[in-house]
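**Q** Could you have a look at this structure, given as structure tokens, before my questions?
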Ligand SMILES: *Cc1c(COP(=O)(O)O)cnc(C)c1O
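Residue numbers (my numbering): -11 to 383.
Structure representation (structure tokens):
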């Protein structure tokens, strides 16, 4: 059989990421490849660092995109900050907290787990208690926006508690960056990692990270070398650090970085505060529509993530069949439940370029139509109206 080119279908991406990638970002990616030490590329790298500082609201010089997906950024934070024998308190309220624990163990650390029910934020009182019971702890890790459950935790408060107990804090901002406030400097977050394909609406495969002064100090005073050569920030900085002394570490994903740059330019043009407000409004409209349809949103109102909406599957409905029909009939992707929530919920993303009134109305219309024809117990004819009222500001 002769080899054939691949032409992907055109989807509307409303799952837990990737989100819709704007044509401008895709066009940026199709520009000619240059060398990863080309003077023009070095300029682009500096611009990306600056734009990431803007997005993260930080002046941290050690702010850059790791060449790998969000999971690589997660690993970068842990391998650099955890040494064998360290005790780390890991807050788990969903899938991604579980992965943080796995990272701690693989770095030779001891993980003390603070658990909260899936769908609820991390409980600050439990973190406080764990730190009192384990004074040897040197690091706290938690997920700001749990994509698996749709719950937002109070990052500012959790970091404050960590610091009060002389611990550094690693915060997962993969799903929060660009969608809800992330204040790396104001909250004094020591290390954070994000992803390109969620609220930044860039192609997948890059992970913006930022390390604050306390984290840099801890990395510099390590007794053992970082177990990962590729993710050793000391080495990566030889390439991403001072523009005068850039040296080869690994070949940067040049074209993917064009894309990230363009996605960040788009965010800058809109303005962070405006992006947050847009995510919030479209979320409120979607929720109003889903509830008018008679669907249940399990996360309590104050903890809901605007960019990731978790909806209970009504009784008797085959959730996979609904997703399949949305994809086949309307080319619309929504997410399935993950881990403990598999089969019980859908996850509807309104991330980045996928957070528009058009996405809200389309999703409500499509869901109502498919659920209706699957015989689900919903109230037809109300959802779009309810969403429109919110969008028109008449909530
Ligand atoms: C998506 C996600 C990750 C992992 O990112 P990948 O790009 O899939 O590796 C980590 N944490 C959270 C909260 C996420 O939503």
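In this text, a Cβ means the ideal position worked out from N, Cα and C, and glycines have one as well.
These numbers come from a predicted model, not from an experiment.
Just reading off the beta strand (DSSP E) that residue 126 is part of, what are its end residues?
**A** First-last of the beta strand (DSSP E) with residue 126: 125 to 131.
**Q** Can you list, in chain order, the residues of its chain whose CB lies under 8 angstroms from that of residue 144, leaving out five sequence neighbours each side?
**A** Cβ neighbours of residue 144 beyond the five flanking positions: 171, 174, 175.
**Q** Would residue 77 and residue 128 be called neighbours here (beta carbons separated by less than 8 angstroms)?
**A** Contact flag set, yes.
**Q** Are the CB atoms of residue 135 and residue 4 nearer to each other than 8 angstroms?
**A** Closer than 8 angstroms, so yes.
**Q** In three-state DSSP terms, what is residue 2?
**A** Strand at residue 2.
**Q** Can you list, in chain order, the residues of its chain with a C-beta nearer than 6 angstroms to that of residue 198? Leave out the 5 residues immediately preceding and following it.
**A** Only 44, 46, 48, 51, 172, 180 meet the Cβ criterion.
**Q** Taking only three categories from DSSP, how would you classify residue 246?
**A** Correct three-state label for residue 246: helix.
**Q** So what does DSSP say about residue 30, is it helix, strand or coil?
**A** Residue 30 falls in the helix class under three-state DSSP.
**Q** Give the DSSP bridge partners of residue 300, in chain order.
**A** Looking at the DSSP assignment, residue 300 forms a beta bridge with 333.
**Q** Can you give, in chain order, each stretch of the beta strand (DSSP E) that sits fully within the segment 75 to 148 and has at least 3 residues?
**A** The qualifying runs are 75 to 80, 98 to 103, 125 to 131.
**Q** Which term fits residue 361, buried or exposed, when burial requires 16 or more other beta carbons within 10 angstroms of its beta carbon?
**A** Looking at its Cβ environment, which holds fewer than 16 other Cβ atoms inside 10 Å, residue 361 is exposed.
**Q** Considering only residues of the same chain and omitting the five flanking positions on each side of residue 89, which have a CB-CB separation below 8 angstroms?
**A** Same-chain partners within the cutoff: 78, 80, 99, 101.
**Q** What's the call for residue 138, buried or exposed, on a 16-neighbour Cβ count within 10 Å?
**A** The residue is buried, with at least 16 neighbouring Cβ atoms inside 10 Å.
**Q** In or out: residue 284 buried (at least 16 other Cβ within 10 Å) or exposed?
**A** Classification for residue 284: exposed.
**Q** Compute the minimum distance between the beta carbon of residue 189 and the heavy atoms of ligand 1, and state whether it is under 7 angstroms.
**A** Residue 189: no, Cβ never under 7 angstroms from ligand 1.
**Q** Rounded to the nearest angstrom, what separates residue 294 and residue 68 at their Cα positions?
**A** The straight-line gap from Cα to Cα measures roughly 31 angstroms.
**Q** Kindly list the residues whose CB is nearer than 7 angstroms to the CB of residue 210, restricted to its own chain and excluding five residues on each side of it in sequence; keep chain order.
**A** Excluding residues within five positions, the ones whose Cβ falls inside 7 angstroms are 71.
**Q** Might you give, ordered along the chain, the residues of its own chain that have their beta carbon closer than 8 angstroms to the beta carbon of residue 239, omitting 5 neighbours on each side?
**A** Only 24 meet the Cβ criterion.
**Q** With DSSP run on the structure shown, which of helix, strand or coil describes residue 45?
**A** The answer is coil: DSSP assigns residue 45 none of H, G, I, E or B.
**Q** So, with DSSP's three-state summary, where would you put residue 168?
**A** In this structure, residue 168 counts as coil in the three-state DSSP scheme.
**Q** Answer with buried or exposed for residue 14, where buried requires no fewer than 16 other C-beta atoms within 10 angstroms of its C-beta.
**A** Exposed, by the Cβ-count rule.
**Q** Quick one: residues in its chain with C-beta nearer than 7 angstroms to the C-beta of residue 235, no 5 flanking neighbours on either side, listed in chain order?
**A** Contacts found: 226, 227.
**Q** Who does residue 199 pair with in a DSSP beta bridge?
**A** Note: residue 199 sits in a beta bridge opposite 50, 179.
**Q** With DSSP as the reference, identify every bridge partner of residue 268, one or two as the case may be.
**A** Paired residue(s): none; residue 268 is not in a bridge.
**Q** Are the beta-carbon atoms of residue 340 and residue 186 separated by less than 8 angstroms?
**A** Contact: yes.
**Q** What does DSSP give as the partner residues of residue 277 in its beta bridges?
**A** DSSP, once it has assigned bridges, lists no residue as partnering residue 277.
**Q** Can you grab the Cα-Cα spacing for the pair residue 32 / residue 17, in whole Å?
**A** C-alpha separation (whole angstroms): 13 angstroms.
**Q** Between residue 7 and ligand 1, is there a pair consisting of the residue's CB and a ligand heavy atom that are separated by less than 7 angstroms?
**A** Because no heavy atom of ligand 1 lies under 7 angstroms away, the Cβ of residue 7 does not count as near it: no.
**Q** Is residue 131 near ligand 1, judged by its Cβ being under 7 angstroms from some heavy atom?
**A** Correct: residue 131 has its Cβ closer than 7 angstroms to ligand 1.
**Q** Going by DSSP, which residues form a beta bridge with residue 366?
**A** None, per the DSSP bridge assignment.
**Q** Which stretch, first to last residue, makes up the beta strand (DSSP E) that contains residue 324?
**A** 320 to 324 is the span of the beta strand (DSSP E), which, as asked, contains residue 324.
**Q** Does ligand 1 have a heavy atom nearer than 7 angstroms to the CB of residue 323?
**A** No, ligand 1 has no heavy atom inside 7 angstroms of this Cβ.
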